[in-house]
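Peer 1:
In the working numbering, the protein residues as written are 7 to 311.
Structural data, given as structure tokens:
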């Protein structure tokens, strides 16, 4: 089931300043990407999907995907810059996730760095427009991404070589800043089981570049985290959504994902959010949640198994 991410729009002027700040950050220059390589494999996925439980070692494969509307051309400086932003956003997101898990007493290692493990990065194409498919809720692009993963990524070999007990996939699209379709994730759920769990990452959105917090947000969806900015999953009510908004709940899955609490602007050098008891419970880091008990929400998929 798709779980859309939500971003907070900023003005074009602020967005230009943010992008300029990224360019001036003095980050290590990445080598330009090469060609795609992969072997066909149909892996056997456990009940909780390809991500499994949020524990141990989790491999993250990043796919730089072309589609009917967007493409990557790494000879163009702007495309190469966006590729670099994806790398550093993912790094910051994984560092934040690792610490957040450690704060709940769980040791988790995310292996994501494709400059160290080239098998964690590949390149592909869809015949459809991912953003149009998602906006229209037609879901055909999901099948194409799933087929690409099965036919081009040797997931079992990657897991074995890295000692990973779980694997997830990020399909990154070089969307323009004018794009208004937000990121979303195809995740395993009890009522909607799926094998490969993957995130649609749209690098350009609402006149800005996607920031690290939204990488972390989408990754957490693969482990069962619900969005906290709209009602539905696990019986989360609109009353709670309104309450969380009014109290400025800065949970990573809420309305303020990626925004600095003091200024309301996107943050690119860190994840400014927290992982509160409700999200920790639904991703299996805790066995209970005061928020869930108080509001009478449904048990997590970990409890119901």
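No residue lacks a Cβ here, since even glycine has one placed at the ideal position from N, Cα and C.
Everything numeric in this text was worked out from a predicted model, so none of it was measured.
Take residue 212 as the anchor and find which of 164, 183, 199 has the nearest alpha-carbon.
Peer 2: Comparing Cα positions, the closest option is 183.
Peer 1: Thinking residue 220 and residue 270 are a contact (beta carbons under 8 Å), I'd like their distance in whole angstroms, please.
Peer 2: Contact doesn't hold; Cβ gap of about 16 Å is too wide.
Peer 1: Drop a sphere of 10 angstroms on the beta-carbon of residue 165, count the other beta-carbons inside from all chains shown, and report buried for 16 or more, exposed for fewer.
Peer 2: Buried is the call here.
Peer 1: Rounded to a whole number of angstroms, what is the C-alpha to C-alpha distance between residue 99 and residue 177?
Peer 2: Computed Cα separation, rounded: 16 Å.
Peer 1: Three or more C-beta pairs closer than 8 Å, one from the segment 77 to 84 and one from the segment 184 to 198: is that the case here?
Peer 2: Output reads no: the segment 184 to 198 does not touch the segment 77 to 84.
Peer 1: Under 8 Å by Cβ, that's how I've got residue 131 and residue 139 pegged, so tell me the actual separation to the nearest angstrom.
Peer 2: With a Cβ gap of about 14 Å, residue 131 and residue 139 do not count as contacting.
Peer 1: To the nearest angstrom, report how far apart residue 107 and residue 114 are at their CA atoms.
Peer 2: Residue 107 and residue 114: Cα-Cα distance of roughly 7 Å.
Peer 1: My understanding is that residue 258 touches residue 227, with C-beta atoms under 8 Å, so please give their C-beta distance in whole angstroms.
Peer 2: Rounded, the Cβ-Cβ distance is 11 Å, inconsistent with contact.
Peer 1: Pull up the CB-CB distance for residue 247 and residue 236, whole angstroms please, since I reckon it's below 8 Å.
Peer 2: That belief holds up - the Cβ atoms of residue 247 and residue 236 are roughly 6 Å apart, short of 8 Å.
Peer 1: Does DSSP put residue 166 in a helix, in a strand, or in coil?
Peer 2: Residue 166: helix per DSSP, three-state reduction.
Peer 1: Among 260, 136, 63, 161, whose alpha-carbon lies nearest the alpha-carbon of residue 149?
Peer 2: Per the Cα distances, 136.
Peer 1: Between the alpha carbons of residue 300 and residue 242, how many angstroms are there, rounded?
Peer 2: Those two C-alpha atoms are separated by around 12 Å.
Peer 1: Would you say residue 133 lies against chain B (beta-carbon separation less than 8 Å)?
Peer 2: The chain labelled as chain B is not found in the depicted structure, where only one protein chain is given.
Peer 1: Identify the residues that DSSP records as bridge partners of residue 65: which are they?
Peer 2: Note: residue 65 sits in a beta bridge opposite 117, 173.
Peer 1: DSSP state of residue 238, grouped into three classes?
Peer 2: Coil.
Peer 1: Since residue 190 is in the beta strand (DSSP E), which residue starts that stretch and which ends it?
Peer 2: Taken as a continuous stretch (DSSP letters only), the beta strand (DSSP E) holding residue 190 covers 190 to 192.
Peer 1: What does DSSP give as the partner residue(s) for residue 259 in the beta ladder?
Peer 2: Answer by DSSP bridge pairing: none, since residue 259 is not bridged.
Peer 1: Verify whether the separation of the beta carbon atoms of residue 207 and residue 66 is less than 8 Å.
Peer 2: Going by C-beta atoms, residue 207 is not nearer than 8 Å to residue 66.
Peer 1: Determine which residues share a DSSP beta bridge with residue 179 and list them.
Peer 2: Its beta-bridge partners are 208.
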